[in-house]
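Heads up, the thing below is written out as structure tokens.
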Amino acid sequence: MTGKNATQVLAADAQGIAAAAQILLGGGLVAVPTETVYGLAARADDAAAVARIYTAKGRPDFNPLIVHVASTRHARSLAHWCERASVLAEKFWPGPLTMVLPARMDAGLADAVTAGLPTVALRMPAHPVMQALLGQLPCPLAAPSANRSGGVSPTQADHVRASLEGRIDAVIDGGECARGLESTIVVLRADGTWQLLRPGPIAERELIELLGAPTAITSSIEAPGQLASHYSPGKPLRLDAETGHADEYMIGFGPVPGHCSLSPSGDLVEAAARLYACLHQAARAPQPRVAIAAIPKEGLGAAINDRLRRAAA
Ligand code: TXA
Ligand code: MG
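Next up, the structure:
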């Protein structure tokens, strides 16, 4: 099924969602819009389906997947829940927050979902299409971003097709993703400490307000996906550029102009939403190099700069 055939494009309506549910039930792969980026979904309780995600993306098998759930009740059946998780779920779910919690061993998830870790990453997405799909399935969905491993994440159905056409069964075209950056990932440890593993749309400051100070433990085991090189447009990328050189596709911001701009008015929300679309455009442009204007480091700027550092690495 997966691999040889063309990838179906499904409409983001009741019929398209029902067709996607059938494909997923049968162990297939469907790219689905979420409020952050498009996810490449498979049923999380089916080892063969989850294995197909790793194959389609060319993803290293030590890098675990986020499990998407329809409700907090469902999340509780997959992890050892705690009061802090309730506080965060109450405030940020459904939405762009992923919580890493101690996994319940009897949850029935395929082993490859957690890549052998004793923890599981859980998110309840806010996008109506992903929610409708979860509502029609008897199981949660494992879904990494729907791009080849190491590449730029997709915020439009065309981005998914450019990288995974023929390697996945279908994509639901739900237009552009509103947030444009992957979820914030936070680990809530059994010993009561916590830490940000990936900056995202929910700022660390908002988490500190609810949880108090984080405890940094440097561990590549706890954050296996934070590879130095990631989100690459496939060309050298120069950061903090004031002007573009002749051989560069320039991405502007605020008063700094370019071939495209993250946000002419200097708005970080708009910049986050447009970041990957601009990187995809840069990848397709004739220039062999890419340059991008400086982006402020505060708030959402922290998450944008995190992605840019890795895209340039
Ligand atoms: O917004 C998002 O989070 C999107 C949409 C589709 O939901 N998904 C996404 O998935 O960004 P992906 O696979 O591109 O990134 C998931 C990250 C990886 O860095 C992975 O290492 C980390 O989550 N992760 C998953 N399970 C983990 C765990 N048990 N402990 C620590 N990190 C984990
Ligand atoms: Mg990704």
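Our numbering applies: residue 100 is where the sequence shown begins, and numbers increase by one.
Just so you know, even glycine gets a beta-carbon here, dropped at the ideal spot from N, CA and C.
Just so we're clear, the structure is a prediction, and the values are computed from it rather than from any experiment.
Output yes or no for whether 8 Å exceeds the beta carbon distance between residue i and residue j.
i: A245; j: A130; result: yes
i: L177; j: T197; result: no
i: L236; j: L164; result: no
i: Y330; j: R383; result: no
i: I271; j: I122; result: no
i: L399; j: L361; result: no
i: V149; j: A242; result: no
i: R406; j: L280; result: yes
i: L233; j: R247; result: no
i: F352; j: G365; result: yes
i: L336; j: V389; result: yes
i: E347; j: Q386; result: yes
i: G138; j: H179; result: no
i: P132; j: C238; result: no
i: A141; j: I152; result: yes
i: A214; j: A146; result: no
Using a 10 Å radius around the Cβ and a threshold of 16 neighbouring Cβ atoms, would you call residue i buried or exposed?
i: Q114; result: exposed
i: D205; result: exposed
i: I394; result: buried
i: E308; result: exposed
i: D144; result: buried
i: K396; result: exposed
i: Q255; result: buried
i: T101; result: With a pLDDT of only 44 at T101, under 50, the local geometry of the prediction cannot be trusted, and no value is derived from it.
i: T135; result: buried
i: G127; result: buried
i: A412; result: exposed
i: R172; result: exposed
i: R282; result: A quick correction: the sequence has Ser, not Arg, at residue 282. Counting Cβ neighbours within 10 Å, S282 comes out buried, since at least 16 surround it.
i: T154; result: exposed
i: S328; result: exposed
i: P217; result: exposed
i: D268; result: buried
i: L209; result: Sequence inspection shows Ala at residue 209; the Leu mentioned does not correspond to that position. The residue is buried, with at least 16 neighbouring Cβ atoms inside 10 Å.
i: G207; result: exposed
i: A119; result: buried
i: S252; result: buried
i: F191; result: buried
i: G274; result: exposed
i: P354; result: exposed
Cβ of residue i within 7 Å of any heavy atom in the ligand MG?
i: P243; result: yes
i: S362; result: no
i: A282; result: Residue 282 is actually Ser in this sequence, not Ala. The answer is no for S282.
i: S252; result: yes
Could you check if residue i belongs to the surroundings of the ligand TXA, using beta carbon to heavy atom distance under 7 Å?
i: A302; result: no
i: R222; result: yes
i: R266; result: no
i: R247; result: no
i: I165; result: yes
i: R151; result: no
i: P159; result: no
i: R297; result: yes
i: P193; result: no
i: T135; result: yes
i: L216; result: yes
i: G398; result: no
i: T314; result: no
i: G279; result: no
i: N162; result: yes
i: T213; result: yes
i: A129; result: First, the residue type needs correcting, since residue 129 is Val and not Ala in the sequence shown. For the ligand TXA, not one heavy atom lies less than 7 Å from the Cβ of V129.
i: T106; result: no
i: T197; result: yes
i: G311; result: no
i: V219; result: yes
i: G138; result: yes
| Is the stretch 338 to 346 touching the stretch 290 to 300 in the sense that three or more CB pairs, one from each, lie closer than 8 Å? | These segments do not touch.
| task | Specify whether the stretch 298 to 312 and the stretch 223 to 234 touch according to this definition: at least 3 beta carbon pairs, one from each stretch, less than 8 Å apart. | result | The stretch 298 to 312 is not in contact with the stretch 223 to 234.
| query | So, do the stretch 373 to 388 and the stretch 287 to 294 have three or more beta carbon pairs nearer to each other than 8 Å? | reply | Remark: fewer than three beta-carbon pairs, one from each stretch, lie closer than 8 Å, so the stretch 373 to 388 and the stretch 287 to 294 are not flagged as touching.
| task | Tell me, please, whether the stretch 269 to 288 touches the stretch 184 to 204 by the rule of three or more beta-carbon pairs shorter than 8 Å. | result | The answer is yes - the stretch 184 to 204 touches the stretch 269 to 288, with three or more Cβ pairs under 8 Å.
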